[in-house]
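Enquirer:
Protein chains in written order, with my numbering: chain A, 1 to 380; chain B, 1 to 380.
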């Protein structure tokens, strides 16, 4: 739903077919685009009209579907998290290399324009070395309507694969250096919705940079307060609507909850609530980047740059369309005009950090994401 | 200078003598209070008129002076950090027990009224278990005028002993549980003012609580922005005075720097700049406490309490006098009417966390503050 406007608007993109298990999604697709809507992924992948596929399915299906698509000769854009095991990520990356087809992992908040502008400024060396990133996000993630697997840690549920994957993408993009170790606590605080719902992580990078990431999906406090009451998706937010997610959830049976979730997906009768496009860029909470000669604070409107003597606000032009950056990177990669940043290797490294985060919490010690890689190579 | 108004106003306190190396401090004291100003600590400690002493000297002198005072039969209030080695803290704690005299470590921001009110609310069980504390503070600490030992790590300089001691006091008071481990990075980013000037720490507590503490004394960004532009000491702050500490420092020679620092101490001609008392409580940056059934955000005016269904702001009456809480606790303890929270054992445990923070950064692994205690016992 969120990525559709940018796909529709891009003159380089034509819709050639879709696959969905849900009748209502297929019907709407066939009507809206006048092209086939398939009942199986195989049928879609056999279509010679299709060059590239965008896979937006539950986490646990990514690996199998992405590999099938790559082997069928399609370029692939797959939603984060790339997969929920490193072995799967490695297989996906290899399938992309073997097929000579593009694999991009997105959307994620690492694509948000303020993140990319800040990352490029930092990479230019203008502000000296990156020292530290401080990243906080307090949301009601756990209390929004969820499918059962979204709260099942064994199936890639909980906030680590779905939310830390954003956080880590943002921080990795800003720092631009390899992650050397992760020490984290991932916490399961609600037995009625049992999964990791919060984490705090200390990540170290090459060259001595460090990041602190804290996320709570159980929050009562809403950190969008720190972003001028602009929501994660770039809309104005009404702070008076306090506690809505908890209130709504308390009124739902578990069947109602699944239906509430489905109402937000493509083809559902009321799935066009966000007709108005977002006025601001998306964001993933409070992000402060400390460099040698300046601190950069990200906002959905631009960057606050605090220098040694002066501070300034660097506005970033409002988004034309949500997630346009993702489609630009993917389509550019498919056409060979642009080298993707968020490729299979990038996705693998982010999942390695997610796995390290969970592993560190279990073992109560530092975990080096590249050591996980070694263990994996021995296994494969 | 900051504690004097509360000492003067307390009817239970009478000034009976002072010791300072500086002539101008002794002269001012004798004139202001009409009591002896001694040239040595020994002379002061021999005075039978003195029941209790307040020690506000450089960190490295605390242990020797506190132990001498306790052995002379005086109650002692000593500024944080209690000392800069755990062995010294242990000796001080023992001296207090052996002499049967009170030892209180303060002031520190753990005494701030909003911290104490929040800690008592949490301890009441009203909001369920404490889950997580998120604590950030971005200041210009490193660029304010400093004496040389304040930037000498070997002499207890840098932000860990002087600033993490606050941060840890605040967080320990709020959580109210023993610290089980510390994983931290303490960073030295400025070779011209070489000492630890920033840190980020992940602390775990008994019962699974966790805290993330981030401090930068090199900051360009000022986190007082998150506290409604109220300064650490509870005064209104003008955000337009951006970058002043760096600017002023750049204009000073090192001799000027020492003099600038001295101008802020008792007896100096212009050391009464803060004649107007603070309108708000002191604070130590952004502090968010996540409990089972509510999040509490601390501010210099009170507490924002975010519950499951409602949020409220609990105002805290403005401070009568700065640091009154410290004098109340100390005087109450001396009179035997109140059991001090911030006693020698408390101070020891906070320094154990500071040592663990530095040690964790050096060894790049978790350090358990009570294991340091074991090591120490074997040594003693």
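C-beta atoms are modelled at their ideal positions from N, C-alpha and C, and glycine is treated no differently.
Would you call the CB atoms of residue 313/B and residue 219/B closer than 7 Å?
Expert: The residue you call residue 313/B lines up with position 313 of the second chain. The residue you call residue 219/B lines up with position 219 of the second chain. For residue 313/B and residue 219/B, no; Cβs fall outside 7 Å.
Enquirer: Looking at the structure shown, is residue 35/A part of a helix, part of a strand, or coil, going by DSSP?
Expert: Numbered from its first residue, the first chain carries residue 35/A at position 35. Looking at residue 35/A - three-state DSSP - the assignment turns out to be coil, as it is neither helix nor strand.
Enquirer: Indicate whether the contact test is met: 3 or more Cβ pairs, each with one atom in the stretch 352–365 of chain B and one in the stretch 152–169 of chain B, closer than 8 Å.
Expert: yes
Enquirer: In the structure shown, what three-state DSSP assignment does residue 45/A receive?
Expert: Taking the first chain and counting its residues from 1, one reaches residue 45/A at position 45. In this structure, DSSP gives residue 45/A a helical state, which the three-state scheme calls helix.
Enquirer: Does the Cβ of residue 159/A have 16 or more other Cβ atoms within 10 Å, making it buried, or fewer, making it exposed?
Expert: Counted from its first residue, the first chain places residue 159/A at position 159. Counting Cβ neighbours within 10 Å, residue 159/A comes out buried, since at least 16 surround it.
Enquirer: What span of residues does the alpha helix (DSSP H) with residue 177/B cover, start to end?
Expert: Sequence index remark: in the second chain, residue 177/B carries index 177 (1-based). Neither: residue 177/B is in no alpha helix (DSSP H) and is coded neither H nor E.
Enquirer: Using a C-beta to C-beta distance shorter than 7 Å, which residues of chain A count as neighbours of residue 136/B?
Expert: The residue you call residue 136/B lines up with position 136 of the second chain. 134, listed in chain order.
Enquirer: On the CB-based measure, 16 or more other CB atoms within 10 Å of its CB, does residue 20/A come out buried or exposed?
Expert: The sequence position of residue 20/A within the first chain is 20, counting from 1. That one is buried.
Enquirer: Along chain A, which residues have their Cβ under 8 Å away from the Cβ of residue 288/B?
Expert: Indexing the second chain from 1 puts residue 288/B at position 288. Within chain A, the residues near residue 288/B are 138 and 221.
Enquirer: Taking 7 Å as the CB-CB cut-off, is residue 295/A touching chain B?
Expert: The residue you call residue 295/A lines up with position 295 of the first chain. Residue 295/A counts as touching chain B.
Enquirer: Look at the alpha carbon of residue 84/B and the alpha carbon of residue 112/B, and state the distance between them as a whole number of angstroms.
Expert: The residue given as residue 84/B occupies position 84 in the second chain. The residue given as residue 112/B occupies position 112 in the second chain. Taking the straight line joining both Cα atoms gives about 23 Å.
Enquirer: Using the C-alpha atoms, what's the distance from residue 263/B back to residue 254/B?
Expert: As a working note, residue 254/B is residue 254 in the second chain. As a working note, residue 263/B is residue 263 in the second chain. One Cα belongs to residue 254/B, the other to residue 263/B, and the distance between them is close to 14 Å.
Enquirer: Let me know the secondary structure DSSP gives residue 248/A once reduced to three states.
Expert: Residue numbering aside, residue 248/A sits at position 248 when the first chain is read from its first letter. Three-state DSSP puts residue 248/A in a helix.
Enquirer: Who are the near neighbours of residue 343/A in its chain, counting only those whose CB is closer than 7 Å to its CB and skipping five residues on each side?
Expert: Mapped onto the first chain, residue 343/A falls at position 343. Correct list, in chain order: 103 and 104.
Enquirer: Excluding the five sequence neighbours on either side, which residues of its own chain have a C-beta within less than 7 Å of the C-beta of residue 305/B, listed in chain order?
Expert: Here the question's residue 305/B lines up with position 305 in the second chain. Closer than 7 Å at Cβ, skipping near neighbours: 294, 296, 311, 312 and 314.
Enquirer: Using the DSSP secondary-structure output, state which residues sit across from residue 403/B in a beta bridge.
Expert: As displayed, chain B neither begins before 1 nor continues past 380, which places residue 403/B out of reach and without an answer.
Enquirer: According to DSSP, simplified to helix, strand and coil, what is residue 203/B?
Expert: Translated into the one-based positions of the second chain, residue 203/B becomes position 203. Secondary structure of residue 203/B (DSSP, three-state): strand.
Enquirer: Counting only C-beta atoms, is residue 216/B closer than 7 Å to chain A at any point?
Expert: As a position in the second chain, residue 216/B is number 216, starting the count at 1. Answer yes: the Cβ-Cβ gap between residue 216/B and chain A drops below 7 Å somewhere.
Enquirer: Based on the DSSP output, what are the partners of residue 103/A in its beta bridges?
Expert: To locate residue 103/A, count along the first chain from 1; it is residue 103. According to DSSP, which records beta bridges pairwise, residue 103/A is partnered with 76/A.
Enquirer: Looking only at its chain, what residues have a beta carbon closer than 8 Å to the beta carbon of residue 3/B, apart from the 5 residues adjacent to it on each side?
Expert: Counting from one through the second chain, the residue named residue 3/B turns up at place 3. Result list for residue 3/B: 54, 56, 107, 322, 323, 326 and 327, in chain order.
Enquirer: Just the Cα atoms here: how many angstroms apart are residue 132/B and residue 187/A?
Expert: By 1-based counting over the second chain, the position of residue 132/B is 132. By 1-based counting over the first chain, the position of residue 187/A is 187. Answer to the nearest angstrom: the Cα atoms are 10 Å apart.
Enquirer: What in chain B is Cβ-close to residue 193/A, meaning under 7 Å?
Expert: What you label residue 193/A is simply residue 193 of the first chain in a count that begins at 1. Neighbours of residue 193/A on chain B: none; closest Cβ ~13 Å, over 7 Å.
Enquirer: Considering just the uninterrupted stretch of the alpha helix (DSSP H) at residue 412/B, what are its terminal residues?
Expert: Lying before the first or after the last residue shown, residue 412/B is absent from chain B, which here runs from 1 to 380.
Enquirer: Between the stretch 141–148 of chain A and the stretch 220–235 of chain A, can you find at least three pairs of beta-carbon atoms closer than 8 Å?
Expert: Segment contact: the stretch 220–235 of chain A against the stretch 141–148 of chain A, fewer than three CB-CB distances shorter than 8 Å; contact not assigned.
Enquirer: In this structure, does DSSP put residue 160/A in helix, strand or coil?
Expert: Taking the first residue of the first chain as 1, we reach residue 160/A at position 160. In this structure, residue 160/A counts as helix in the three-state DSSP scheme.
Enquirer: Taking only beta carbons into account, state which residues of the stretch 162–179 of chain A come closer than 9 Å to chain B, listed in chain order.
Expert: Against chain B - using a Cβ distance shorter than 9 Å - the stretch 162–179 of chain A contributes no residues.
Enquirer: What distance in whole Å lies between the Cβ atoms of residue 92/B and residue 63/B, which are believed to be in contact at a cut-off of 8 Å?
Expert: By one-based count along the second chain, residue 63/B stands at place 63. By one-based count along the second chain, residue 92/B stands at place 92. Yes, residue 63/B and residue 92/B are in contact; Cβ-Cβ is about 6 Å, under 8 Å.
Enquirer: Mind reading off the beta-carbon distance from residue 319/B to residue 234/B? Whole number of angstroms is fine, and I expect it under 8 Å.
Expert: The residue given as residue 319/B occupies position 319 in the second chain. The residue given as residue 234/B occupies position 234 in the second chain. Right, their Cβ atoms sit about 7 Å apart.
Enquirer: For residue 337/B and residue 136/B, what's the separation of their Cα atoms in angstroms?
Expert: Mapped onto the second chain, residue 337/B falls at position 337. Mapped onto the second chain, residue 136/B falls at position 136. Rounded to whole angstroms, residue 337/B to residue 136/B spans 35 Å at the Cα level.
Enquirer: Once the 5 residues before and after residue 156/B are set aside, which same chain residues still bring their CB inside 6 Å of it?
Expert: The sequence position of residue 156/B within the second chain is 156, counting from 1. Within the same chain, residue 156/B has close Cβ partners 59, 60 and 84.
Enquirer: Measuring straight from C-alpha to C-alpha, what distance separates residue 200/A and residue 189/A?
Expert: In the first chain, counting from the first residue as 1, residue 200/A sits at position 200. In the first chain, counting from the first residue as 1, residue 189/A sits at position 189. Cα to Cα, the separation comes out at about 14 Å.
Enquirer: At the level of alpha carbons, what is the spacing between residue 330/A and residue 45/A?
Expert: Counted from its first residue, the first chain places residue 330/A at position 330. Counted from its first residue, the first chain places residue 45/A at position 45. So the alpha carbons of these two residues sit roughly 18 Å apart.
Enquirer: In chain order, what residues of the same chain have a beta carbon less than 6 Å from the beta carbon of residue 15/B, not counting five sequence neighbours either side?
Expert: Along the second chain, one-based indexing puts residue 15/B at 15. Closer than 6 Å at the Cβ level, and outside the excluded window around residue 15/B, lie 33 and 35.
Enquirer: If you follow the beta strand (DSSP E) that residue 214/A is in, where does it begin and where does it stop?
Expert: Within the first chain, numbered from 1, the residue matching residue 214/A stands at position 214. Per DSSP, residue 214/A belongs to the beta strand (DSSP E) from 210–216.
Enquirer: Give a yes or no on contact between the stretch 357–366 of chain A and the stretch 171–184 of chain A, applying the rule of three or more CB pairs nearer than 8 Å.
Expert: yes
Enquirer: Restricting to Cα atoms, I'd like to know which of 178/A, 98/A and 191/A is closest to residue 70/A.
Expert: Residue mapping note: residue 70/A aligns to position 70 of the first chain, counting from 1. Of the candidates 178/A, 98/A and 191/A, the one whose C-alpha sits nearest the C-alpha of residue 70/A is 98/A.
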